[in-house]
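The sequence shown begins at 193 in our numbering and counts up by one.
Backbone N, C-alpha and C fix where the C-beta goes; we use that ideal spot for every residue, glycine too.
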Amino acid sequence: MTADSPRPRSGSAGRERLMFLVSLVMLLLLGLVLPHGGVSEDVSTRIWAVDSVRWALLACWILIVLESLPALISWRRDDARSARKRFLLVLLLPPLRVALSPHAPARWLWLPGVGWQQRDENLFHRLELGLAIPMLVVAFLILPVLVGEFLFHAEIESSPVLAWTLHTLTSVIWLAFALEFMVMISVAPKKLQYAREHWINLLIIVLPLVAFLRSLALFRALRLAKVSKIFQTVRLRVLLTRAYRIALLLNLLERVLARYPRYYLALLKAREERKQAELDDIRARIRDLEAQIARQENQPPTSG
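(1) Assign V353 to buried or exposed, taking buried as 16 or more other Cβ atoms, counted over all protein chains shown, within 10 Å of its Cβ.
(2) Does the contact criterion of 3 or more C-beta pairs under 8 Å hold for the region 297 to 312 versus the region 332 to 349?
(3) Tell me, please, whether the CB atom of D472 is closer than 8 Å to any CB atom in chain C?
(4) For the beta strand (DSSP E) that G307 lies in, which residues bound it at each end?
(5) Could you tell me the alpha carbon to alpha carbon distance between G206 and I392, rounded to whole angstroms?
(6) Going along the chain, which unbroken runs of the beta strand (DSSP E) with 3 or more residues stay wholly within the region 315 to 390?
(7) At which residues does the beta strand (DSSP E) containing L303 begin and terminate?
(8) Where do the ends of the alpha helix (DSSP H) carrying L219 lie?
(9) For V379, count neighbouring C-beta atoms within 10 Å of its own C-beta (all shown protein chains included) and say buried if the count is 16 or more, exposed if not.
(10) Taking L319 as the reference, give the member of A251, V375, L338 with the closest Cα.
(11) If you drop the 5 nearest sequence neighbours on each side, which residues of the same chain put their C-beta closer than 6 Å to that of I377?
(12) Would you mind working out which of F212, S215, L213, R246 sits nearest V225, comparing C-alpha positions?
(13) Determine the burial state of P329: buried for a count of at least 16 other Cβ atoms within 10 Å of its Cβ, exposed for fewer.
(14) Quick check: what's the CA-CA separation for G223 versus E489?
(15) Taking its Cβ as the centre, do 16 or more other Cβ atoms sit within 10 Å of I474, making it buried, or is it exposed?
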């Protein structure tokens, strides 16, 4: 990235707006299709069985890839490497197109409501602060979902309307987390570091996808009548559901604590002490291994 990266042409905002909507539709469809645990998994299975939903997801993916493809051949030479990286990211994870554009100059991205912005630390912190309250509200939606599944499991299981309502609400929660993660990782200067630091958010997004893939494996197992594999798959899906709920609650706790700096500071200091102790242990092991290697290298060879 160069410091004098030119501002994108004003007419390019229309294309970015369109691709943002296409990517948002793809995320919305994924949120509805993916199982999110509980009795609402049957709803996601029925949605996935609808051919139009599958074709719509495929159409979104093809449109995003075809729209991004010209960036590989039309981009100016000094930004070609950056454009190729962004194209590969969009190819592997099409919903990233909500904010990550292979066509834009390397330091620029388009966001709804604010237009073209330079991707830097200032924008990152502005978005982080701006999304804090809305995402806290979304995180609190987890509580009625969990209470409903725990207290009214039988009623939800026997009522298609309640099951659809619960699944839709959970899908909205997933969509909000996924959209926030896609935007923030697009803005983050160090994307891998952002993913590591926000692993709970990533877990919330990925776990339903893993459960969905296991669901497909479950259907294959049913067709092949392999009972042992069916039980293994069901058991794994239960574990994934529990892990998903734990991740949601951890994220909620983190966001609530962030609103109370004194308590959050105490939590972070305790975390720092644990990390420091772990780091000291790693350094001690490194010194021991280095000393062991040095002794072996300085030991005179034995005569045969």
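The relevant details are as follows:
(1) What you label residue 353 is simply residue 161 of the sequence shown in a count that begins at 1. Its Cβ having fewer than 16 others within 10 Å, V353 is exposed.
(2) Here the region 297 to 312 makes no contact with the region 332 to 349; the two share fewer than three CB pairs at distances below 8 Å.
(3) This model lacks chain C altogether; it includes just one protein chain.
(4) The sequence position of residue 307 within the sequence shown is 115, counting from 1. Looking at the DSSP string, the run of the beta strand (DSSP E) that includes G307 is 307 to 310.
(5) In the sequence shown, the residue the question calls residue 206 occupies position 14. In the sequence shown, the residue the question calls residue 392 occupies position 200. Distance between the alpha carbons of G206 and I392: 34 Å.
(6) Segments of the beta strand (DSSP E) lying fully in the region 315 to 390: there are none.
(7) For this step, residue 303 is matched to residue 111 along the sequence shown. For L303, the enclosing beta strand (DSSP E) begins and ends at 300 to 303.
(8) Start at 1 with the first residue of the sequence shown, and residue 219 comes out as number 27. Boundaries of the alpha helix (DSSP H) around L219: 205 to 225.
(9) Along the sequence shown, read from residue 1 onward, the residue named residue 379 stands at position 187. Burial of V379 is indicated by the presence of at least 16 other C-beta atoms within 10 angstroms of its C-beta.
(10) For the purposes of this step, residue 319 is taken as the residue at position 127 of the sequence shown. Answer by Cα proximity: V375.
(11) Here residue 377 is taken as the residue at index 185 of the sequence shown, counted from 1. Cβ neighbours of I377 beyond the five flanking positions: K383, Y386.
(12) If you number the sequence shown from 1, residue 225 lands on position 33. If we check each option's Cα against that of V225, R246 comes out closest.
(13) Position 137 of the sequence shown, counting from 1, holds the residue named residue 329. Note on residue identity: the sequence assigns Val, not Pro, to residue 329. Per the 10 Å Cβ criterion, exposed.
(14) Reading the sequence shown from its first residue, position 31 is the one you call residue 223. Reading the sequence shown from its first residue, position 297 is the one you call residue 489. Straight across, the Cα-Cα distance linking G223 with E489 is about 58 Å.
(15) Your numbering for residue 474 matches position 282 in the sequence shown. The residue in question, I474, is exposed, as its Cβ has fewer than 16 Cβ neighbours within 10 Å.
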